[in-house]
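Start counting the sequence shown at 1; every next residue gets the next number (full-length UniProt numbering). Report on one structure; see the data block that follows.
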Amino acid sequence: MFGTLYGVGVGPGDPELLTLKAVKVLKEAAHVFAASSSSNDYSLAHDIVREHLPPGTPIDQLAFPMTFDSEHLENAWTANCEQVVEILRQGKNVAFITLGDPLTFSTFIYLMRKVRSRLPDVNVVVVPGITSYQAAAACANLPLAEGEEAITIISGAKGGTRLNAAIETADNVVLMKTYKQFPQILAQIEEKGLEDKCCFISRCGLEGEIVERDYRKMRTLKPHYLSLMIIKKRGMEPR
Numbered sequence: 001m002f003g004t005l006y007g008v009g010v011g012p013g014d015p016e017l018l019t020l021k022a023v024k025v026l027k028e029a030a031h032v033f034a035a036s037s038s039s040n041d042y043s044l045a046h047d048i049v050r051e052h053l054p055p056g057t058p059i060d061q062l063a064f065p066m067t068f069d070s071e072h073l074e075n076a077w078t079a080n081c082e083q084v085v086e087i088l089r090q091g092k093n094v095a096f097i098t099l100g101d102p103l104t105f106s107t108f109i110y111l112m113r114k115v116r117s118r119l120p121d122v123n124v125v126v127v128p129g130i131t132s133y134q135a136a137a138a139c140a141n142l143p144l145a146e147g148e149e150a151i152t153i154i155s156g157a158k159g160g161t162r163l164n165a166a167i168e169t170a171d172n173v174v175l176m177k178t179y180k181q182f183p184q185i186l187a188q189i190e191e192k193g194l195e196d197k198c199c200f201i202s203r204c205g206l207e208g209e210i211v212e213r214d215y216r217k218m219r220t221l222k223p224h225y226l227s228l229m230i231i232k233k234r235g236m237e238p239r
């Protein structure tokens, strides 16, 4: 019998936004894995859950490269999968912790697919987490959608080119992963005339939190990795 693979969303960063179910799973897991960038060995997800892990719980960090090189990504996913499969084959339950939600722009998606390709009969349980855009909307007091409004969530990892199509059909757009291509994203916002209809949120619920609606000030920022934008076609809510 294989162990169970748990994908555990730990929320956007504030440890108080960790769900009770996530805490329960973490206390019972035999082994915990956390994602980290291949360029460092730091894991914010680990910091969030640290106090809830029983003493002696093994926790390993899996390096996921921040690249679009398909071969490099494939090699990393395969290597990470092998580490997790080794523990599952021992009949031990594994928890993979990830920021936000495990099924929303998460490395857990790729890991889950790889593990299932190796162990088709393995049991996978997903524990949803509060997403960064939900927390960001709360920080900024901005409704994400109301009435018959439509909301679209897109990635800005390759810039703001997808914003053009999204804003045509959606009333509100969440633009995730804005940190790398921020200047290009701002250029797209200007092109669409949305300067007074966007809000930038960074490090929500953490030290150094930024909530900025002034577009002129946005142009001076160098976004942190934990940054996103909310764009409301009908305009921002009053402060």
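From the three backbone atoms N, C-alpha and C, an ideal C-beta is built for every residue, glycine too.
CB residue i to CB residue j, shorter than 8 angstroms?
{"i": "A35", "j": "V10", "result": "no"}
{"i": "L88", "j": "L221", "result": "no"}
{"i": "G7", "j": "N93", "result": "no"}
{"i": "Y179", "j": "S227", "result": "yes"}
{"i": "P223", "j": "A135", "result": "no"}
{"i": "V23", "j": "H52", "result": "yes"}
{"i": "W77", "j": "L111", "result": "yes"}
Name the residue from the options whose alpha carbon lies nearest to the alpha carbon of residue i.
{"i": "V173", "options": "K158, I153, E190, G159", "result": "I153"}
{"i": "F105", "options": "E212, K177, L119, V211", "result": "K177"}
{"i": "V49", "options": "G91, F2, L99, H72", "result": "L99"}
{"i": "R234", "options": "L226, R219, C199, E212", "result": "C199"}
{"i": "K232", "options": "G208, Q181, E195", "result": "E195"}
{"i": "G205", "options": "K24, F96, A137, A63", "result": "A137"}
{"i": "E16", "options": "R162, G129, S70", "result": "G129"}
{"i": "T57", "options": "A165, Y225, L111, E28", "result": "E28"}
{"i": "K158", "options": "Q184, C139, A140", "result": "Q184"}
Here's the rule I'm using: 16 or more other beta-carbon atoms within 10 Å means buried, otherwise exposed. How should residue i be labelled?
{"i": "T107", "result": "buried"}
{"i": "N80", "result": "buried"}
{"i": "D121", "result": "exposed"}
{"i": "L20", "result": "exposed"}
So residue i packs on residue j, CB below 8 angstroms; how close in whole Å?
{"i": "I210", "j": "S202", "result": "4 angstroms"}
{"i": "R113", "j": "V124", "result": "Not a contact, Cβ separation roughly 10 angstroms."}
{"i": "L142", "j": "E212", "result": "In fact, because the Cβ distance is near 12 angstroms, the residues do not count as touching under 8 angstroms."}
{"i": "A140", "j": "I230", "result": "7 angstroms"}
Which residues in the same chain as residue i place their Cβ atom closer than 8 angstroms to its Cβ, once the five residues preceding and following it in sequence are excluded?
{"i": "I151", "result": "L144, A145, A170, D171, N172, V173, V174"}
{"i": "Q61", "result": "F33, A34, A35, S36, D41, S43, H46"}
{"i": "M1", "result": "G91"}
{"i": "I59", "result": "H31, V32, F33, A34, H46, L53"}
{"i": "E207", "result": "none"}
Could you pull out every residue in the same chain whose Cβ sits closer than 6 angstroms to the Cβ of residue i, ignoring the five residues on either side in sequence?
{"i": "Y215", "result": "E195"}
Going along the chain, which residues of its own chain have a beta-carbon closer than 7 angstroms to the beta-carbon of residue i, five neighbours each way excluded?
{"i": "I109", "result": "L103"}
{"i": "S155", "result": "F105, M176, K177"}
{"i": "R219", "result": "L186"}
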